[in-house]
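First up is the structure itself, then whatever we jot down about it.
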Amino acid sequence: MYEILKDDFFLWLKGQLGQKEILAPRLKEEGYLFLPWDGEELELTGYTNTLKPVKDAFFPQWEALIRYRMDKGKSVQVMGENPATKPLILFGVRPCDARSILLLDRVFNGPKYKDQHYRERRENTFVISLACSEPASTCFCQDLGISPLAKEGSDILLVDLGDKFLALADTLEGEGILQERPFSPATPGSMDKFQALQGVSRQAAAASLVPEILSGELSQVFVLPLWDEIHQKCLNCGVCTYLCPTCHCFDISDEATDTEGRRVRSWDSCMFGNFTQHGSGHNPRPTGKERMRQRVLHKFKYFPENYLAVACVGCGRCVAKCPVNFDIREVLKRLGGMPG
Numbered sequence: 001m002y003e004i005l006k007d008d009f010f011l012w013l014k015g016q017l018g019q020k021e022i023l024a025p026r027l028k029e030e031g032y033l034f035l036p037w038d039g040e041e042l043e044l045t046g047y048t049n050t051l052k053p054v055k056d057a058f059f060p061q062w063e064a065l066i067r068y069r070m071d072k073g074k075s076v077q078v079m080g081e082n083p084a085t086k087p088l089i090l091f092g093v094r095p096c097d098a099r100s101i102l103l104l105d106r107v108f109n110g111p112k113y114k115d116q117h118y119r120e121r122r123e124n125t126f127v128i129s130l131a132c133s134e135p136a137s138t139c140f141c142q143d144l145g146i147s148p149l150a151k152e153g154s155d156i157l158l159v160d161l162g163d164k165f166l167a168l169a170d171t172l173e174g175e176g177i178l179q180e181r182p183f184s185p186a187t188p189g190s191m192d193k194f195q196a197l198q199g200v201s202r203q204a205a206a207a208s209l210v211p212e213i214l215s216g217e218l219s220q221v222f223v224l225p226l227w228d229e230i231h232q233k234c235l236n237c238g239v240c241t242y243l244c245p246t247c248h249c250f251d252i253s254d255e256a257t258d259t260e261g262r263r264v265r266s267w268d269s270c271m272f273g274n275f276t277q278h279g280s281g282h283n284p285r286p287t288g289k290e291r292m293r294q295r296v297l298h299k300f301k302y303f304p305e306n307y308l309a310v311a312c313v314g315c316g317r318c319v320a321k322c323p324v325n326f327d328i329r330e331v332l333k334r335l336g337g338m339p340g
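Structure below.
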C-alpha cells in the first residue's frame, strides 16, 4: 500500500497532461460526466457516480469500422478505420464501473473473440479508480459481492483518507507508478484506517447473490409467471441498457452514396421492439414480456453460463433513471436472490 497527499496527487495528474488525455468526473447540469480535464480544480463534493458509465471510452456509442470507395470501373477500395489510440487516463472511476470493464473484456477481448477497436483503446487506457465512501440509495454493488473498496479492474485504486489518498495497485503498470515519487509507502495509521473501512464494507455485504432459481433448467425459468407481470409498466425506452456499464449489444449498418460509404457500429438495445425483428416480419420477442425476460436472464443466467460472472455490477443507474421506477432489485427479491 502507498499514500499521497491530495495536492501532490493532482499535481502529479496534471503532469500527465502532456503525454495523455485525461477524462475525469465533471459536474454538469444533468450530473457528473466523464469529460476531458485540463488541470483545473475538480469539484468532487457530493460525487457518487457519473450519469453515464465508462464503457464509451472503449466501446463508443457510434463508430466507423471501415470506409469504401468505388470508382467508375467498379473496382472497390476498402479502408479500415483505426480508432484513436492516444494514451488515456480515466480518473475517478468507481469500483463497480472498474469491475464492468473486466466484464466487457470477456466479451470484446476474450480468448474466443478479440475486437480490434476495443482492444486498442483498452490497451491505451490507464484506470485510476476512486473508492466509494457514501454509495447512493440506488447502489447495490455489495449485494452482488462487489466491495466499494475493490481494486479489481483498476490500475490504481485511491481511497479518500481526508487530506491524503491511500493508493493500491492491481496491475504491474500501476505498481510501477506507485513505487515512484510523489507516492510513498503507507503509514501504519493510514493502513489502520483502510482496514477499518474494509471492516464496515464486509459487514454491509449481503450473503446472497444471484437467485438460486436462475441456476436451474432454462425451461423452468423461462415460464415463470413473474414475466407476465413485471414488464407491464416498462416503456421499452432502453435507457436502462444505454446507461448500463455492461450492456454491449450493437447494430452494424452501411451508410453510402453512389460511389463511397462506410460501415458503422452503434449501440442497440434488447429492449427495443425491432431488436429481433426478422426480414420476414417474424419477431421471436414480440412483446415487452419477452424483452424484459431477456434482459434479466442475460445478466443473471446467460452471461454467467458463458463468461462465469454476473453481468451486473450494482451501479444502480437503471434504477435511478428509469422513467417508470422499474427496480431490478425488486425482481431479484421476488426471484429469491436478495434479502427483502
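Positions 1 to 340 (UniProt numbering) are the ones given, in order, by the sequence shown. In this text, a Cβ means the ideal position worked out from N, Cα and C, and glycines have one as well.
Neighbour-count burial assignment, residue i, 16 or more Cβ in a 10 Å radius
i	result
R295	buried
V331	buried
L5	exposed
P211	buried
P323	exposed
E3	buried
L235	exposed
E92	Note on residue identity: the sequence assigns Gly, not Glu, to residue 92. Buried: at least 16 other Cβ atoms inside 10 Å.
T50	buried
I177	buried
P245	buried
H117	buried
A196	exposed
R94	buried
V313	buried
D38	exposed
D228	exposed
G15	exposed
S219	exposed
G80	exposed
W62	exposed
L308	exposed
D7	exposed
P185	exposed
Residue i - partner residues in DSSP beta bridges
i	result
I101	Looking at the DSSP assignment, I101 forms no beta bridge with any residue, so it has no partner.
V78	Y68
D251	S266
Y307	According to DSSP, Y307 bridges with nothing at all.
L109	Strictly speaking, residue 109 in this sequence is Asn, with Leu absent from that position. Partner(s): K114.
W62	S266
A256	G261
E3	L166, S184
Residue i versus residue j: straight-line alpha-carbon distance, rounded
i	j	result
L214	Q142	19 Å
A206	L166	Its pLDDT being 49, under 50, A206 is placed unreliably by the model, and the measurement read from it follows with that caveat. C-alpha separation (whole angstroms): 26 Å.
P111	D105	10 Å
T287	V76	42 Å
E29	V54	19 Å
G145	C96	10 Å
R317	L33	13 Å
I66	P188	54 Å
R285	I101	29 Å
D56	H248	10 Å
I230	V221	14 Å
V264	D254	6 Å
D71	T257	12 Å
T45	S147	21 Å
K193	L161	8 Å
L11	P182	9 Å
R334	L226	8 Å
P83	R122	11 Å
G261	L27	38 Å
F275	H282	12 Å
V310	Y68	39 Å
P25	K301	33 Å
Y113	Q232	36 Å
E173	E180	12 Å
H278	K299	24 Å
E40	M1	28 Å
First and last residue of the uninterrupted alpha helix (DSSP H) at residue i
i	result
T10	Checking the sequence shown, residue 10 turns out to be Phe, not Thr. Element bounds for F10: 6-15.
I22	Here I22 belongs to no alpha helix (DSSP H); instead the beta strand (DSSP E) covers 21-28.
C240	239-243
K321	317-321
K52	From DSSP, K52 is part of no alpha helix (DSSP H); its letter is neither H nor E.
L297	288-297
S219	218-221
R285	Premise fails: R285 is in no alpha helix (DSSP H) and is neither H nor E.
E41	Here E41 belongs to no alpha helix (DSSP H), and DSSP marks it neither H nor E.
I230	226-230
K333	328-335
Any C-beta of chain D under 8 Å from that of residue i
i	result
S201	Judged by its chain identifiers, the structure shown contains no chain D, having just a single protein chain.
The beta strand (DSSP E) enclosing residue i, as first and last residue numbers
i	result
L35	31-36
V93	88-93
beta-carbon residue i near the ligand SAH non-hydrogen atom, thresh 7 Å
i	result
Q77	Although the ligand SAH was asked about, the structure shown includes no ligands whatsoever.
Practice prompt. Please list the segments of the beta strand (DSSP E) lying wholly inside the stretch 116-194, counting only runs of 3 or more residues, in order along the chain.
Written response: 125-130, 156-160, 164-169
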